[in-house]
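Numbering (our numbering), first residue to last: 10 to 442.
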C-alpha cells in the first residue's frame with residue numbers, strides 16, 4: 010500500500026516521539042512541589058537534580074547525533090526511547106534527591122536523541138523549501154509534551170501518588186517505541202512512499218549536501234564559522250526555554266501562590282503558545298522565500314530576529330501584579346522562543362551534509378544545554394536571595410545577541426534551494442579567522 014504525502018506522516022511520527030520525550034522530562038518539574046514535601050528536598054538540591062539531567066543531555070547530544078548518523082535513525086532512536094522510558098518509570102522507587110539525580114542523568118543521556126532525530130528526519134524526507142515548516146512540526150513536540158505534563162501529572166498525583174505519575178509517563182514511551190519501530194523508515198527503504206513523492210523529495214534537496222557515505226569529521230566542525238553561527242545563538246536562547254520548563258511551576262507556587270490545581274489549569278498555556286510559535290516560524294520562512302524572494306538563510310535569520318524582539322516582554326514578568334498577566338507574558342515569550350529556536354535547528358540542514366546534520370545538531374544542542382545548565386546552577390544558588398526578577402530581565406535580552414551572531418557568523422551558500430544541483434560554495438564551510 011502506498012500513502013500520499015508520507016513525508017508529513019513521518020515528521021508527525023518524530024514529533025510524537027518528541028512530545029513523549031518532553032512529557033517524560035517535564036513530569037519532574039510538575040511533581041517537584043510534591044517532592045519538596047515528601048522527599049524533603051530543597052531548591053538547591055532540586056537544581057542539582059536538574060543539573061544532572063542537563064549535564065548528561067549536554068554531553069550526550071553530539072554522541073546521540075553521531076550514533077544516529079552512523080547506525081541510522083530508525084534503530085538509533087528506538088534504542089534511546091526504550092532507555093529513557095524505563096529510566097523514567099524507575100523514578101517511582103526513589104527516596105532521596107541523590108537517586109533522582111542519578112536517574113535524571115541516565116534520562117539525559119538518552120533523551121538527548123530527540124532533537125538530532127528530528128533534524129535527521131527533516132533532512133531525509135523534505136526538500137529545502139519545506140524544511141522550515143517540517144522543522145516547526147518536529148520542534149513543537151517539546152512544547153506539546155511540556156503542555157500535557159501539568160494536567161496529566163497533576164491528575165496522577167491527585168488520583169494516585171507522585172510515583173504513578175512517573176510510571177504512566179514512562180509506559181507511554183514504551184508503547185511509542187513499538188510504534189516507531191514498525192512505522193518509520195527512510196524514503197529509500199520505506200515501502201509506503203510513492204515514486205512521485207520520492208522523486209519530489211530528491212529533486213528539492215541540495216545536491217551539494219547529499220550524504221557521501223563518509224563518517225562525519227567531528228573535529229572539523231569546530232573550525233567552521235557556520236557551526237558557531239548556529240551553536241552560539243542556541244547557547245544564548247535555550248536558557249529561557251529551560252527556565253520556563255523547569256522553574257515555572259515552582260515560581261507560580263512559591264512567588265505567585267497558586268494552588269496545584271491552578272498549575273494544572275494554567276501552566277500549560279505557555280507551551281501551547283510555543284506550539285504556535287514553532288509553526289509560525291516555519292510558515293513565515295515559506296512566505297519569505299516563495300512570495301518575497303528571500304533566500305533560505307536570510308529567511309531563517311529574519312525570522313530569528315523577529316522572535317528575538319518578541320522576547321523583550323519577559324523582562325516585565327516580575328513587575329506585574331496579576332499571576333495571569335505574568336503567565337500571558339511568559340506565553341508570548343514561549344511563542345517567540347520556539348519561533349526563533351526552530352530557525353537554528355533547521356539551519357543545520359541548510360548548511361551541512363545529510364550524514365553530518367545529526368552530529369552538528371547534537372553539538373549545537375550541547376551549546377544550548379550548556380547555557381541551560383549554567384543558568385540552572387546560578388538560579389538554584391541565588392533565587393532564594395535575589396528572587397526571579399533579575400533572571401527574567403537578563404534572559405529577555407539574550408536573543409538579541411543571538412540574532413547579531415546569526416547575521417555576522419553564518420555565511421550563506423552562493424547557491425540556495427532554488428539551485429539544488431549546484432555544488433556547495435567554500436563560504437558554507439568557511440573556517441574561523
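Beta carbons are placed, not taken as given, at the ideal position from N, Cα and C, and that holds for glycine.
- Contact belief for residue 203 with residue 346 at Cβ below 8 Å, rounded distance in angstroms: Their Cβ separation, rounded to whole angstroms, is 36 Å, which puts residue 203 and residue 346 out of contact at 8 Å.
- Closer than 8 Å, CB to CB, is residue 16 near chain C or not? The structure shown contains no chain C; it is built from a single protein chain.
- Can you tell me the Cα-Cα spacing of residue 378 and residue 23, whole angstroms? Residue 378 and residue 23: Cα-Cα distance of roughly 21 Å.
- Query: So is residue 11 buried or exposed if we call it buried at 16+ other beta carbons inside 10 Å?
  - Reply: Around the C-beta of residue 11, fewer than 16 other C-beta atoms lie within 10 Å, and the residue is accordingly described as exposed.
- Item | Cβ-based neighbour list, residue 144, same chain, cut-off 7 Å, excluding 5 preceding and 5 following | Residues 131, 291, 351, 354, 355 of the same chain have their beta carbon placed closer than 7 Å to that of residue 144, with the five preceding and five following residues left out of the count.
- Query: Quick one: what's residue 8 bridged to in DSSP?
  - Reply: Past the edges of the chain, shown from 10 to 442, lies residue 8, and the structure says nothing about it.
- Going straight from the alpha carbon of residue 128 to that of residue 236, what length do you get? Rounded to whole angstroms, residue 128 to residue 236 spans 15 Å at the Cα level.
- Message: Within a Cβ cutoff of 7 Å, which residues of the same chain sit near residue 67, ignoring the five residues on either side of it in sequence?
- Response: Around residue 67, the same chain offers 375, 378, 379, 382 as residues with beta carbons nearer than 7 Å, after the five sequence neighbours per side are excluded.
- With DSSP collapsed to three states, give me the class of residue 336. Residue state, collapsed to three classes: helix.
- Spatial neighbours of residue 94 in its chain, beta-carbon cut-off 6 Å, leaving aside the 5 residues before and after: So the list reads 179, 182, 183, once near-sequence residues are dropped.
- Query: Which value, in whole angstroms, describes the spacing of the CA atoms of residue 244 and residue 407?
  - Reply: Cα-Cα distance, rounded: 9 Å.
- Query: Would the segment 140 to 155 and the segment 284 to 300 be scored as touching if the rule is three or more Cβ pairs under 8 Å?
  - Reply: In short, these stretches touch, since the Cβ pair count reaches three.
- Query: What distance in whole Å lies between the Cβ atoms of residue 28 and residue 457, which are believed to be in contact at a cut-off of 8 Å?
  - Reply: What is shown of the chain runs 10 to 442, which leaves residue 457 out entirely.
- Under three-state DSSP, which class holds residue 202? Looking at residue 202 - three-state DSSP - the assignment turns out to be strand.
- Task: Could you tell me which residues DSSP pairs with residue 262 in its beta bridges?
- Result: Answer is none; residue 262 lacks a bridge partner.
- Message: In whole angstroms, give me the CA-to-CA distance for residue 241 and residue 371.
- Response: Each residue's Cα considered, the two are about 13 Å apart.
- Item | Separation of residue 213 from residue 277, as counted between CA atoms | Rounded to whole angstroms, the gap between the alpha carbons of residue 277 and residue 213 is 37 Å.
- Within 10 angstroms of the Cβ of residue 260, are there 16 or more other Cβ atoms? Answer buried if so, exposed if not. Looking at its Cβ environment, which holds 16 or more other Cβ atoms inside 10 Å, residue 260 is buried.
- Message: Can you confirm whether the segment 397 to 406 touches the segment 316 to 327 when touching is taken to mean that 3 or more C-beta pairs between the two stretches lie within less than 8 Å?
- Response: As far as the Cβ criterion goes, the segment 316 to 327 touches the segment 397 to 406, which means the pair count is three or higher.
- Message: Using DSSP's beta-bridge definition, name the partner residues of residue 12.
- Response: Partner(s): 202.
- Message: With distance defined between alpha-carbon atoms, name the residue in 301, 417, 389, 273 nearest to residue 167.
- Response: It is 273 whose Cα lies nearest to the Cα of residue 167.
- Message: Taking a contact to mean a Cβ-Cβ separation below 8 Å, would you say residue 86 touches residue 126 in this structure?
- Response: Taking a C-beta distance under 8 Å as the contact criterion, residue 86 and residue 126 qualify as a contact pair.
- 7 Å CB neighbourhood of residue 454 in its chain, flanking five on each side removed: Outside the displayed span of the chain (10 to 442) sits residue 454, for which this structure offers no information.
- Minimum length 4: unbroken alpha helix (DSSP H) runs contained in the segment 344 to 417: Complete alpha helix (DSSP H) runs here, min 4: 366 to 395.
- Is it right to say residue 394 is buried, meaning 16 or more other beta carbons lie within 10 angstroms of its own, or is it exposed? Of the residues assessed, residue 394 falls on the exposed side of the cut-off, its CB having fewer than 16 other CB atoms within 10 angstroms.
- Task: Consult DSSP for residue 24 and reduce its assignment to one of helix, strand or coil.
- Result: Helix, per DSSP.
- Message: Could you tell me the alpha carbon to alpha carbon distance between residue 75 and residue 124, rounded to whole angstroms?
- Response: A straight-line Cα-Cα distance of about 12 Å links residue 75 and residue 124.
- Query: Would you call the CB atoms of residue 62 and residue 114 closer than 8 Å?
  - Reply: Yes, the pair counts as a contact, with Cβ atoms nearer than the cut-off.
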